[in-house]
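Q: Attaching a single structure in structure tokens format; questions to follow.
Numbering (the UniProt record's numbering), first residue to last: 1 to 275.
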């Protein structure tokens, strides 16, 4: 049963239709309307499950404009559901602005949990999962992507990324450059779908495997990368990142001193010159 004035955040399958929970079906069939990232995609999902409900477009380009209208509908006693194209809404998808507005209005937001590609990949990666960070999609431009990865080079937690087919090779190469080609990683492709594959190896080895197989460059990807295991390595990587930035504006010796003081890395490892 649904409760009047409530926004239900409903997870939908990332591939296998069987992953749509019984509760999700019940909620989607009962609400007054469903807010969808792509109404065409969601209409197909509803048709496959025999559900007919009104659909409202809610995406990154209109969310701020329509959020208040949806709040008013909830205030009037309607029930609404929020879905994304696949998986759990708000995880690298629109929706947080609407959720924030609904909560600020004192109305209820209720989760209907289910599939999430990031968690699904982490669960089969065999890489430490007690502490992890979700980074979503990296910047599309090479310069922005490399800068982001360099900033993460000293991260000790396992890192989870989303990536598209046309950038997977470039992103893995940039990860190898930032983290080292020997860093352990897993590439999970087309999770829960017919051609699902999960490849685990070093970044260098994964680059070779994907380059050698056209099929491994198709579909949707989640990349799980092990964090720095050694505190010394993490401090050095962070020191190198800071030094590179500071050296753009300061003398190398001063940049090295400041980077070493902040990161805890040895100054001589950052800059070998004299005072």
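We put the CB at the ideal spot given by N, CA and C, even for glycine.
Treat the numbers as computed from the prediction; the structure is a model and nothing was measured.
1. Between the alpha carbons of residue 234 and residue 126, how many angstroms are there, rounded?
2. To the nearest angstrom, how far is the alpha carbon of residue 264 from that of residue 253?
3. With three or more beta-carbon pairs closer than 8 Å as the criterion, would you say the stretch 127 to 144 touches the stretch 103 to 116?
4. If you reduce the DSSP assignment to three classes, tell me which class residue 252 lands in.
5. Check for me: the beta strand (DSSP E) holding residue 36 runs from which residue to which?
6. Going by beta-carbon coordinates alone, are residue 185 and residue 241 separated by less than 8 Å?
7. Hey, is the stretch 202 to 211 in contact with the stretch 154 to 164, meaning 3+ C-beta pairs nearer than 8 Å?
8. What are the boundary residues of the alpha helix (DSSP H) that residue 69 is part of?
9. Report yes or no: do three or more beta-carbon pairs, one from the stretch 192 to 199 and one from the stretch 20 to 28, lie closer than 8 Å?
10. Would you report the Cα separation of residue 217 and residue 148, rounded to the nearest angstrom?
11. Exposed or buried, what is residue 54 when buried is set at 16 or more other beta-carbons lying within 10 Å of its beta-carbon?
12. In the DSSP assignment, find the unbroken alpha helix (DSSP H) run with residue 45 in it and report its ends.
13. Rounding to the nearest angstrom, what Cα-Cα distance links residue 172 and residue 39 in this structure?
14. If residue 5 sits next to residue 192, beta carbons under 8 Å apart, how far is it from one beta carbon to the other, in whole angstroms?
15. Going by DSSP, what residue range makes up the alpha helix (DSSP H) through residue 271?
16. Are the Cβ atoms of residue 74 and residue 102 separated by less than 8 Å?
17. Tell me the DSSP secondary structure of residue 232 in three-state form.
A: According to the data block:
1. Looking up residue 234 in the chain shown gives position 234. Looking up residue 126 in the chain shown gives position 126. About 21 Å.
2. Mapped onto the chain shown, residue 264 falls at position 264. Mapped onto the chain shown, residue 253 falls at position 253. Between residue 264 and residue 253, the C-alpha separation is close to 16 Å.
3. Three or more beta-carbon pairs separated by less than 8 Å are not found between the stretch 127 to 144 and the stretch 103 to 116, which leaves the two stretches without contact.
4. Sequence index remark: in the chain shown, residue 252 carries index 252 (1-based). It is helical.
5. One-based indexing of the chain shown puts residue 36 at position 36. That run of the beta strand (DSSP E) goes 33 to 36.
6. In the chain shown, counting from the first residue as 1, residue 185 sits at position 185. In the chain shown, counting from the first residue as 1, residue 241 sits at position 241. No, Cβ-Cβ distance for residue 185 and residue 241 is not below 8 Å.
7. no
8. Position 69 of the chain shown, counting from 1, holds the residue named residue 69. Bounds of the alpha helix (DSSP H) holding residue 69 are 63 to 75.
9. no
10. Translated into positions along the chain shown, residue 217 becomes position 217. Translated into positions along the chain shown, residue 148 becomes position 148. The alpha-carbon atoms of residue 217 and residue 148 are separated by roughly 23 Å.
11. Here residue 54 refers to the residue found at position 54 when the chain shown is read from its first residue. The residue is exposed, with fewer than 16 neighbouring Cβ atoms inside 10 Å.
12. The count along the chain shown starts at 1 and reaches residue 45 at position 45. Where residue 45 is concerned, the enclosing alpha helix (DSSP H) stretches over 39 to 49.
13. Here residue 172 corresponds to residue number 172 of the chain shown, with the count starting at 1. Here residue 39 corresponds to residue number 39 of the chain shown, with the count starting at 1. One C-alpha to the other measures close to 33 Å.
14. On the chain shown, residue 5 is found 5 positions in, with the first residue counted as 1. On the chain shown, residue 192 is found 192 positions in, with the first residue counted as 1. 34 Å between Cβ atoms; not a contact.
15. Position 271 of the chain shown holds residue 271. Annotation: residue 271 is outside any alpha helix (DSSP H) and is labelled neither H nor E by DSSP.
16. Taking the first residue of the chain shown as 1, we reach residue 74 at position 74. Taking the first residue of the chain shown as 1, we reach residue 102 at position 102. Yes. Within cutoff.
17. As a position in the chain shown, residue 232 is number 232, starting the count at 1. Residue state, collapsed to three classes: helix.
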